[in-house]
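**Q** Heads up: the sequence shown begins at 181 in our numbering, then just goes up one per residue.
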Amino acid sequence: MLNNKVINIAAIFSLLVLLFLDKYLALPIPFWAYGLPLLIFLPPTIHGAMNIEAGFFMKVWCKADTTEKVVALSFDDGPDAIYTPQILDILQQQEVPAAFFCIGKNIRGNEHLLKRIYADGHVIGNHTYSHDFWFDMKLSGNMLTDMQQMDAVTVHATGLTPRLFRPPYGVTNPNLARAVKAGNYLPVGWNIRSLDTVAKDETELLNRILERLTPGAVILLHDTRKITADILPQLIQGIRQQGYQLERIDKMLKVRAYV
Ligand SMILES: [Zn+2]
181 MLNNKVINIA AIFSLLVLLF LDKYLALPIP FWAYGLPLLI FLPPTIHGAM NIEAGFFMKV
241 WCKADTTEKV VALSFDDGPD AIYTPQILDI LQQQEVPAAF FCIGKNIRGN EHLLKRIYAD
301 GHVIGNHTYS HDFWFDMKLS GNMLTDMQQM DAVTVHATGL TPRLFRPPYG VTNPNLARAV
361 KAGNYLPVGW NIRSLDTVAK DETELLNRIL ERLTPGAVIL LHDTRKITAD ILPQLIQGIR
421 QQGYQLERID KMLKVRAYV
């Protein structure tokens, strides 16, 4: 499989071959040929960083390996004072378990929501404390501190230490891979991106998700959006109409959710 180690080796190897041909065999290598290692390195590396499913820098659990008709809902970026309670009410009425990848700073003042998420039978995951726009530029030690800060507020509110970690913006890189390993987190992604953060049309959003259902799929939603709360009853109904059951992500992936 193409991962960053294979690509790095291929890029360095091509550079060494060029240097060998140029310096030792004195072949006329045009200067633009030195762009080749960069061309080998950059496109797959950028693609790998932006696509969590690629598993380019580390293994990320993005779906369950199953033929059973099960899928899991996951909500990122909360808790939100307005939409998290609405979403929790719907999940409770429909008896659907879900995962909430919470942002640590959003827990402050919303500790009661975090407690309810757990009490209602959902799972709490780590989505960093800051969800900083520049998170991916941080050194691995600083990333880990940020992630552990999220753990600390969760422990304070619920006594639980999350093990599941979802990278902000779904971006992965070598520093994050180091931080995840050092913190013993289990990185969790998705394989159905709803795009609910930019969606304007309810039917389009529903169709986008419902057309992509496959056994073991992990659906990415956000409990910070009105449209997400609005479509949720129809989404659950649509999933069930296709013969799928909604399972909690840790059960579906057969992993432990807390330390
Ligand atoms: Zn996020």
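Heads up, the beta-carbon is just placed ideally off N, CA and C, and yes, glycines get one too.
The model shown is predicted, which means the values in this text are computed figures rather than measured ones.
Using a 10 Å radius around the Cβ and a threshold of 16 neighbouring Cβ atoms, would you call residue 378 buried or exposed?
**A** exposed
**Q** Kindly list the residues whose CB is nearer than 7 Å to the CB of residue 130, restricted to its own chain and excluding five residues on each side of it in sequence; keep chain order.
**A** The structure shown does not extend to residue 130, since the chain spans only 181 to 439, so no value can be given for it.
**Q** Just list the beta strand (DSSP E) runs in the segment 279 to 313, keeping only unbroken ones of 3 residues or longer that don't cross its boundaries, in chain order.
**A** 279 to 282, 303 to 306
**Q** Taking one C-beta from the segment 259 to 271 and one from the segment 400 to 420 each time, how about it: are there three or more such pairs within less than 8 Å?
**A** yes
**Q** In terms of residue numbering, what span does the beta strand (DSSP E) encompassing residue 253 cover?
**A** Going by DSSP, residue 253 is part of the beta strand (DSSP E) stretching over 250 to 256.
**Q** Should residue 429 and residue 279 be called a contact, given that it needs their Cβ atoms to be closer than 8 Å?
**A** In this structure, residue 279 lies closer than 8 Å to residue 429 by Cβ.
**Q** Could you please give me the residues that DSSP links to residue 243 through a beta bridge?
**A** 397
**Q** Threshold first: 4 residues or longer. Then list the alpha helix (DSSP H) segments lying entirely within the segment 311 to 358, N to C.
**A** 320 to 338
**Q** Out of 267, 226, 368, 407, point me to the one whose CA is closest to residue 243's CA.
**A** 368
**Q** Under 7 Å: does the beta carbon of residue 259 sit that close to some heavy atom of ligand 1?
**A** no
**Q** Taking 7 Å as the cut-off, is the beta-carbon of residue 302 closer than that to any non-hydrogen atom of ligand 1?
**A** no
**Q** Can we count residue 307 as close to ligand 1, meaning its CB is less than 7 Å from some heavy atom?
**A** yes
**Q** Candidates 319, 431, 425: which alpha carbon is nearest residue 251's?
**A** 425
**Q** Following the continuous alpha helix (DSSP H) through residue 230, name the residue where it begins and the one where it ends.
**A** 215 to 230
**Q** Have a look at residue 408 and residue 281 and give me their C-alpha separation to the nearest angstrom.
**A** Going by the C-alpha atoms only, they are around 15 Å apart.
**Q** So, for residue 422: in the same chain, excluding its five sequence neighbours on each side, which residues have a beta-carbon less than 8 Å away from its beta-carbon?
**A** 249, 390, 393
**Q** Which of helix, strand or coil does DSSP assign to residue 420?
**A** helix
**Q** Considering Cα atoms alone, identify which of 188, 217, 186, 183 is closest to residue 197.
**A** 217
**Q** Start and end of the alpha helix (DSSP H) containing residue 190?
**A** Residue 190: member of the alpha helix (DSSP H) spanning 184 to 199, first to last residue.
**Q** So the candidates are 353, 254, 257; which of them puts its Cα closest to the Cα of residue 228?
**A** 353
**Q** On the premise that residue 357 lies in contact with residue 238, defined as a C-beta separation below 8 Å, what is that separation, rounded to the nearest angstrom?
**A** 4 Å
**Q** Which residue's Cα is closest to the Cα of residue 329: 319, 316, 311?
**A** 311
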